[in-house]
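Numbering (my numbering), first residue to last: 1262 to 1595.
Below is one structure, written out as structure tokens; the observations come after it.
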Ligand code: PSU
Ligand code: MN
């Protein structure tokens, strides 16, 4: 019995070291390139926060996208962490984009590919530019050895999934990549109850952040559903993440941070806009990876920018919380 559990442990270790060496190999092959600052921070166990780039390339209009990306990096620094915005340039995954690279990706262009796990091989082989989604960013952050990743909202199970089977690759990524995603839950353009069910199936540890167990719905601090767990503060969140790592689980963690009450969007206005946008998307025959960007853009238009204002407020708040969690985590690991 003891021997078999020891050999299981040995097996798990060899799987881990294979994965580690796989990650390292990609770094060595030069596909994943860390900025000097990020490389050194990861090496010395300093707090680092990964940030995605689809929100910049496909999630927000110019120039708010650029301004928000810059502000979020500043907030991370103000909270004693190093920002690592991740994106793909000419087939290289950059972890820690420079100011110029960030500006380049933020500038409107039709040729930047929204990149999730499934898109990575082709974006790399064709030497293309890519904005990484939550899924794509988790893959890269894990290879780079970064364990905390902040964004606005993740993808989820779409409304009408019975007909379309549209489930975001973000959810399966959370099921198989050990990175903690700090976000404001999912937008109510999605089916929140089914998203929570799917996360449970994928073995993702989901906790709301702050005083309440309410699972947030992006623009609103409450979705009407409860998160399975709750962590009150950065230190509880960091303890959870640390336990997750020590267990060697390959799945991810989702920390759901509610939008600050005073910045929450006007629920009814946004809800109506979402209904219209979802209907428009299906009428227009929009499918696949175009659905989410289309709906986001429609909601922004219908609400005359109100959705964007709330979106920016919550991502700024998430950057603050995520950096504090990364800082606590680096203290636990010392
Ligand atoms: N939700 C938002 N803003 C975004 C996204 C989602 O409110 O920018 C982006 C994220 O990059 C997320 C992706 O990972 O859309 C999910 O796309 P899809 O639903 O096609 O999986
Ligand atoms: Mn989809």
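For every residue, glycine included, the Cβ atom is placed at its ideal position computed from N, Cα and C.
Answer yes or no: do residue i and residue j have a C-beta to C-beta separation smaller than 7 angstroms?
i, j, result
"residue 1578", "residue 1569", "no"
"residue 1512", "residue 1583", "no"
"residue 1356", "residue 1295", "yes"
"residue 1446", "residue 1498", "no"
"residue 1391", "residue 1453", "no"
"residue 1492", "residue 1470", "yes"
"residue 1580", "residue 1411", "yes"
"residue 1517", "residue 1476", "yes"
"residue 1202", "residue 1555", "One cannot answer for residue 1202 here, as it falls past the ends of the chain, which runs 1262 to 1595."
"residue 1301", "residue 1588", "no"
"residue 1571", "residue 1480", "yes"
"residue 1353", "residue 1319", "no"
"residue 1405", "residue 1363", "no"
"residue 1559", "residue 1545", "no"
"residue 1442", "residue 1515", "yes"
"residue 1369", "residue 1305", "no"
"residue 1502", "residue 1358", "no"
"residue 1414", "residue 1444", "yes"
Label residue i either buried or exposed according to how many other C-beta atoms from any shown protein chain fall within 10 Å of its C-beta, with 16 as the threshold for buried.
i, result
"residue 1566", "exposed"
"residue 1508", "exposed"
"residue 1379", "exposed"
"residue 1262", "With a pLDDT of only 47 at residue 1262, under the threshold of 50, the placement of this residue in the model should not be trusted; the figure read from the coordinates follows. Exposed, by the Cβ-count rule."
"residue 1448", "buried"
"residue 1592", "exposed"
"residue 1429", "buried"
"residue 1438", "buried"
"residue 1462", "exposed"
"residue 1297", "exposed"
"residue 1334", "buried"
"residue 1328", "exposed"
"residue 1482", "buried"
"residue 1398", "buried"
"residue 1321", "buried"
"residue 1534", "buried"
"residue 1386", "exposed"
"residue 1472", "exposed"
"residue 1290", "exposed"
Is residue i near the ligand MN, in the sense that its beta carbon is under 6 angstroms from a heavy atom of that ligand?
i, result
"residue 1445", "no"
"residue 1429", "yes"
Rounded to whole angstroms, how far is the Cβ of residue i from the Cβ of residue j, which I believe are closer than 8 angstroms?
i, j, result
"residue 1420", "residue 1451", "7 angstroms"
"residue 1417", "residue 1394", "Going by Cβ atoms, the distance from residue 1417 to residue 1394 rounds to 12 angstroms, so no, they are not a contact pair."
"residue 1586", "residue 1495", "5 angstroms"
"residue 1366", "residue 1314", "6 angstroms"
"residue 1407", "residue 1345", "6 angstroms"
"residue 1409", "residue 1310", "5 angstroms"
"residue 1347", "residue 1402", "7 angstroms"
"residue 1396", "residue 1434", "4 angstroms"
"residue 1459", "residue 1432", "5 angstroms"
"residue 1542", "residue 1552", "6 angstroms"
Examine the ligand PSU and report whether any of its heavy atoms sits within less than 6 angstroms of the Cβ of residue i.
i, result
"residue 1421", "no"
"residue 1456", "no"
"residue 1576", "no"
"residue 1310", "no"
"residue 1316", "yes"
"residue 1395", "yes"
"residue 1416", "yes"
"residue 1541", "no"
"residue 1553", "yes"
"residue 1526", "no"
"residue 1348", "no"
"residue 1546", "no"
"residue 1448", "yes"
"residue 1320", "yes"
"residue 1529", "no"
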